[in-house]
Amino acid sequence: MQKSLLIQPVKCTGCRQCEMACSFEKERSFNPSRSRIRVFDIHSEARFVPYTCTQCAQAWCLQACPVDAIKIDAATKAKVVNDNLCVGCKVCTIACPFGTINYVADSGKVAKCDLCGGDPACAKACPTGAITYVDAEQTGYDKMRAWAVKTDTQSHTHA
Amino acid sequence: MRRAPLSVERNELVHHVIVGAGPAGVTAAETIRELEPEAAITLVGDEPEAPYSRMAIPYLLIGKIGEEGTWLRKGPNHYERLGITLMPGRRMTGLDPVARRIGLEGGETLAYDRLLLALGARPLRPAIEGLDLPGVHTCWTLADARQIAAGAVPGSHVVLMGAGFVGTIVLEALALRQVSLTVVEMGDRMVPRMMDEVAGGMLKRWCEAKGVKVLTGTSIRRIAKALVPAAEARDSLVVELSDGSILPAHVVVVSAGVRSNTESVAASGIGLGNGILVDDHMRTSLPDVYAAGDVAQGRDFMSGEAHVHAIQITAAAHGRIAAYNMTGRDQAYHGSLNMNVLDTLGLITCSFGSWQGNGGDCARLVDQTGFRYLRLEFDGTGDVVIGAQAVGTTDHVGALRGLIQSKRRLGTAVKEQLMADPTRFMAGFVQTLHR
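So the sequence lines, in the order shown, correspond to chains A and B.
Per this note's numbering, the very first residue in the first sequence carries number 58; after that it's consecutive.
Per this note's numbering, the very first residue in the second sequence carries number 367; after that it's consecutive.
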């Protein structure tokens with residue numbers, strides 16, 4: 058069964074446990090600025106929105122990479138950056154219309170959510186069930202994916 | 367999905383010939399293979415190496431990667447495994463659209479059912495005396511990179527002509543090779559076609575602080591052989607500038623812009639502008655002939671007019687769209703968005719779309735001492751972002767593309783937040799996504 062992250066902002070209290078868990082899992086430090094999932098504080102509406110890569114079908118980052126450094130993981134279908142091949146050119150960071158693949162100056166490479174190989178740390182850390190890892194059919198990403206179609210200059214991927 | 371009738375016999379394999387082994391050509395070949403497991407695919411390139419990425423050359427020059435690191439695809443026997451016949455080191459000399467074949471250097475011809483011209487671009491060589499002297503190089507191919515690497519040794523005097531997008535990428539590689547570098551740019555600022563005066567000025571100050579001499583509003587009048595032995599024996603060249611001053615140089619790197627490679631098809635009757643004109647299906651004016659990448663002049667997302675966008679992202683998108691249409695699928699392209707990202711000795715800059723704006727509302731944050739700048743341009747007085755520039759910001763910059771290309775209406779409240787503080791663009795974007 059294909060699983061994906063289900064994010065329900067309405068359940069998010071802004072505790073940022075997901076950011077801590079992600080940065081520890083991926084970078085071995087409790088540093089939210091290094092997290093690949095970010096919680097946005099929408100003060101004007103007094104709500105929080107956790108946000109990360111949707112592993113979108115268009116795979117903008119992968120399509121844009123000039124050196125074959127981003128691949129689709131066979132098991133999770135996550136788009137995964139190969140640090141040994143990434144040259145740090147940053148083209149993927151401007152190509153991804155969701156803004157969810159970012160350059161990390163310390164490593165000279167880009168980083169994005171890779172679903173932790175199928176056991177995402179953010180979902181395990183979330184105390185309110187705002188982030189869960191579930192059957193892909195149920196996820197609210199459909200809405201974002203529908204939006205992505207409008208951005209899509211390669212709409213054949215939905216044809 | 368509608369399928370156009372194929373013009374060849376039902377049982378005969380369609381032969382797709384792709385000329386140009388850069389990102390557009392390689393992406394097209396792979397996409398055709400995905401769509402047509404049986405089709406014959408030939409990929410012709412005019413350089414001897416495995417298909418590689420010009421974008422990776424600066425990282426080769428600084429030793430971050432070897433030549434294999436520049437390859438567009440890394441899997442062993444990648445092309446063979448996909449049944450793509452590679453013909454490297456073969457330059458196309460002509461196109462006969464009636465006989466449906468192309469000519470290759472050496473007199474060989476190749477017949478096609480569908481032809482993709484992914485001929486790329488090449489560096490401009492301005493009409494300046496001395497440009498053909500030994501020690502003067504463009505920086506475009508792996509062969510160029512090897513020559514520059516041999517000459518641009520630590521401490522040597524290097525003059526770089528042009529601080530456009532490509533020139534500024536090369537600038538970083540040269541500076542990191544610890545040469546003594548002078549950049550000469552005709553325009554009033556660095557990257558004049560990518561960023562505004564504020565950003566270009568910041569970039570210049572940054573480079574100068576890192577020890578690179580940047581001369582804007584200056585051109586190279588001529589290059590000559592050094593007649594008298596220079597103070598440093600390896601300075602075999604002298605570069606004369608428009609203000610009359612003279613720079614001794616061991617290596618001169620020319621980066622004065624690029625132009626589409628259209629010469630080999632000029633006699634074919636194909637429709638040409640600055641590049642090969644294509645419609646929104648990447649079709650040229652000739653039947654069954656398509657074009658993609660740096661050679662193609664196609665739909666621009668912002669204006670709807672035909673432009674050459676010689677960038678990686680456009681090349682890959684063109685290649686995919688062309689492949690869909692070459693295999694009989696009806697796939698229109700919404701157009702390419704001009705965008706660039708640069709890392710200049712640690713200062714990262716990017717721009718998207720109509721970064722100059724259209725005279726409408728503009729949100730700016732300028733931090734000269736912190737080398738940070740953000741400028742968002744709105745469509746008139748409306749709430750849709752049409753262009754953006756960023757200096758010193760890398761997090762979530764892709765969302766700037768998302769905002770522009772989705773033509774998303776932000777609403778008055780979010781627009782006001784961004785007018786007050788454009789650094790909140792990502793929060794505004796997320797807010798409008800999850801309304």
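All C-beta atoms in this analysis are idealised placements derived from N, C-alpha and C, irrespective of residue type, glycine included.
Given the structure is predicted, the values throughout are model-derived calculations rather than measurements.
- At a cut-off of 9 Å between C-beta atoms, cysteine 153 of chain A counts as an interface residue with respect to chain B.
- Linking proline 66 of chain A to histidine 800 of chain B through their CA atoms gives a straight-line distance of about 8 Å.
- According to the DSSP assignment, valine 536 of chain B belongs to the alpha helix (DSSP H) that extends over 531–542.
- In the pairwise beta carbon analysis, the segment 550–559 of chain B is classified as not touching the segment 461–478 of chain B: fewer than three pairs are separated by under 8 Å.
- For phenylalanine 105 of chain A, no chain B residue has a Cβ inside 7 Å of its Cβ, as the nearest lies near 10 Å away.
- Residue state for leucine 401 of chain B is assigned as helix, using DSSP reduced to three classes.
- Contact between the segment 517–526 of chain B and the segment 617–626 of chain B is present: three or more C-beta pairs spanning the two stretches fall below 8 Å.
- Of all residues in the segment 115–127 of chain A, only Trp117, Cys118, Gln120, Ala121, Cys122, Pro123, Val124, Asp125, Ala126 place a beta-carbon less than 9 Å from a beta-carbon of chain B.
- For phenylalanine 795 of chain B against leucine 769 of chain B, the beta-carbon gap comes to about 6 Å, under 8 Å, which counts as contact.
- Using a 10 angstroms sphere on the CB of glycine 748 of chain B, the tally of other CB atoms stays under 16, which defines it as exposed.
- Considering only B:Leu426, B:Val580, B:Ser585, the residue with the shortest C-alpha distance to glutamine 513 of chain B is B:Leu426.
- Arginine 456 of chain B places its beta carbon 9 Å or farther from that of glycine 386 of chain B.
- The three-state secondary structure of lysine 83 of chain A, taken from DSSP, is helix.
- Straight-line spacing of the CA atoms in isoleucine 450 of chain B and leucine 409 of chain B works out to 7 Å.
- Secondary structure note for isoleucine 450 of chain B: its beta strand (DSSP E) is the uninterrupted segment 450–453.
- Burial state of histidine 100 of chain A is exposed, judged by a 10 Å Cβ sphere holding fewer than 16 other Cβ atoms.
- Closest option to leucine 537 of chain B, judged by alpha-carbon separation, among B:Trp572, B:Tyr739, B:Glu415, B:Pro454: B:Trp572.
- Between valine 502 of chain B and leucine 607 of chain B, the C-beta gap is not smaller than 9 Å, which leaves the two residues out of contact.
- With a minimum length of 3 residues, the unbroken runs of beta strand (DSSP E) contained wholly in the segment 89–128 of chain A fall at 95–99, 104–108.
- Between valine 674 of chain B and isoleucine 151 of chain A, the C-beta gap is not smaller than 9 Å, which leaves the two residues out of contact.
- In the structure shown, the three-state DSSP call for phenylalanine 737 of chain B is coil.
- Below the 7 Å Cβ cutoff, chain B contributes Ala422, Tyr425, Lys430, Ile431, Gly435 as neighbours of valine 144 of chain A, in chain order.
- Annotated three-state conformation of threonine 789 of chain B is helix, per DSSP.
- In the three-state DSSP reduction, proline 489 of chain B falls in the strand class (E or B).
- Going by beta carbons, histidine 382 of chain B and alanine 406 of chain B fall inside the 9 Å limit.
- Among the CB atoms of chain A, one or more fall inside 9 Å of the CB of alanine 683 of chain B.
- The beta-carbon distance between glycine 685 of chain B and glycine 664 of chain B, rounded to whole angstroms, is 12 Å. This is too long to meet the 8 Å contact definition.
- Within chain A, the residues placing a beta-carbon under 9 Å from that of leucine 438 of chain B are Pro123, Val124, Asp125, ordered along the chain.
- Here DSSP, grouped into helix, strand and coil, assigns alanine 509 of chain B to helix.
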